[in-house]
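A.B. asks:
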Amino acid sequence: MVCSQDRLESLDGIALVLDSRLTVVAGGWGNWARFWHDNGGAAPAPAVLGRDLTAAFSCGALRSGFRAALMAVALGERPALRMGFRCDGPGVRRDMRLTVARCGAGRLLYHSVTLAETALPRALDVAPVSCCAVCGALDPADPGALDWVEGPSGRPPLPASDTLCPRCALGLAAHAA
Ligand SMILES: [Zn+2]
């Protein structure tokens with residue numbers, strides 16, 4: 000598989016090429032900017048070129064679990080990583096699918112597409128809560144959440160609130176094993 004710039008721009012969704020240390024070395028920047036804008040982000044979209052993709056994760060458990068799963072693919076210990084995850088935007092629940100596979104020269108193609116979008120009531124009156132970055136479940140450490148459950152108003156669009164629930168931590172660990 001060749002990850003030319005033309006191919007990256009032609010792929011649906013977010014397409015990034017990572018080197019063997021998970022540094023972003025190329026991407027389909029047209030869709031990257033559109034996705035950022037659709038998520039309510041202020042222009043321009045953050046530049047990730049030359050950065051470690053996982054460095055943006057605020058949650059240490061998420062960062063380390065995801066890194067281990069990606070490195071297992073980079074090192075050839077697993078053929079690919081395929082997983083569903085949530086990436087809700089303002090007023091919208093978004094179910095995503097991520098595929099990460101090697102694309103030659105020790106590099107990885109990181110490709111996420113949107114499977115479904117569902118309108119959500121906007122969470123204007125609730126404080127930001129910690130949610131699992133993979134499945135969107137609420138962190139039971141938050142007031143009002145008794146267990147890891149689906150949030151009533153969707154995941155707030157705040158990357159800083161990301162965390163990782165036990166079920167998804169086990170899933171990532173399985174991908175890294
Ligand atoms: Zn989860």
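Per numbering that gives the first Met the number 0, the very first residue in the sequence shown carries number 0; after that it's consecutive.
Yeah, the Cβ is synthetic: ideal placement off N, Cα and C, and Gly gets one too.
If we call anything under 8 Å between Cβ atoms a contact, is L163 one with A132?
C.D. replies: Taking 8 Å as the Cβ cut-off, L163 and A132 qualify as a contacting pair.
A.B. asks: Go ahead and label C7 buried or exposed: buried means 16 or more other beta carbons lie within 10 angstroms of its beta carbon, across all protein chains shown.
C.D. replies: Note on residue identity: the sequence assigns Leu, not Cys, to residue 7. Flag for L7 reads buried.
A.B. asks: What whole-angstrom Cβ distance do A55 and L171 have, given they're in contact under 8 Å?
C.D. replies: With 8 Å as the limit, A55 and L171 do not qualify as a contact, their Cβ atoms being about 17 Å apart.
A.B. asks: Given a threshold of 16 other Cβ atoms within 10 Å of its Cβ, counted over all protein chains shown, does D5 qualify as buried or as exposed?
C.D. replies: Under this definition D5 is an exposed residue.
A.B. asks: Taking the continuous beta strand (DSSP E) assigned at D94, which residues delimit it?
C.D. replies: Run containing D94: V91 to R101, per the beta strand (DSSP E) assignment.
A.B. asks: Output the boundary residues of the alpha helix (DSSP H) element that contains G29.
C.D. replies: Element bounds for G29: W28 to D37.
A.B. asks: Within the same chain, show all residues whose beta-carbon is closer than 8 Å to that of G105, passing over the 5 residues directly before and after it, in chain order.
C.D. replies: Cβ within range, chain order: D18, S19 and A73.
A.B. asks: Using beta-carbon positions only, say whether R66 and T53 come within less than 8 Å of one another.
C.D. replies: Their beta carbons are under 8 Å apart, which means R66 touches T53 by this criterion.
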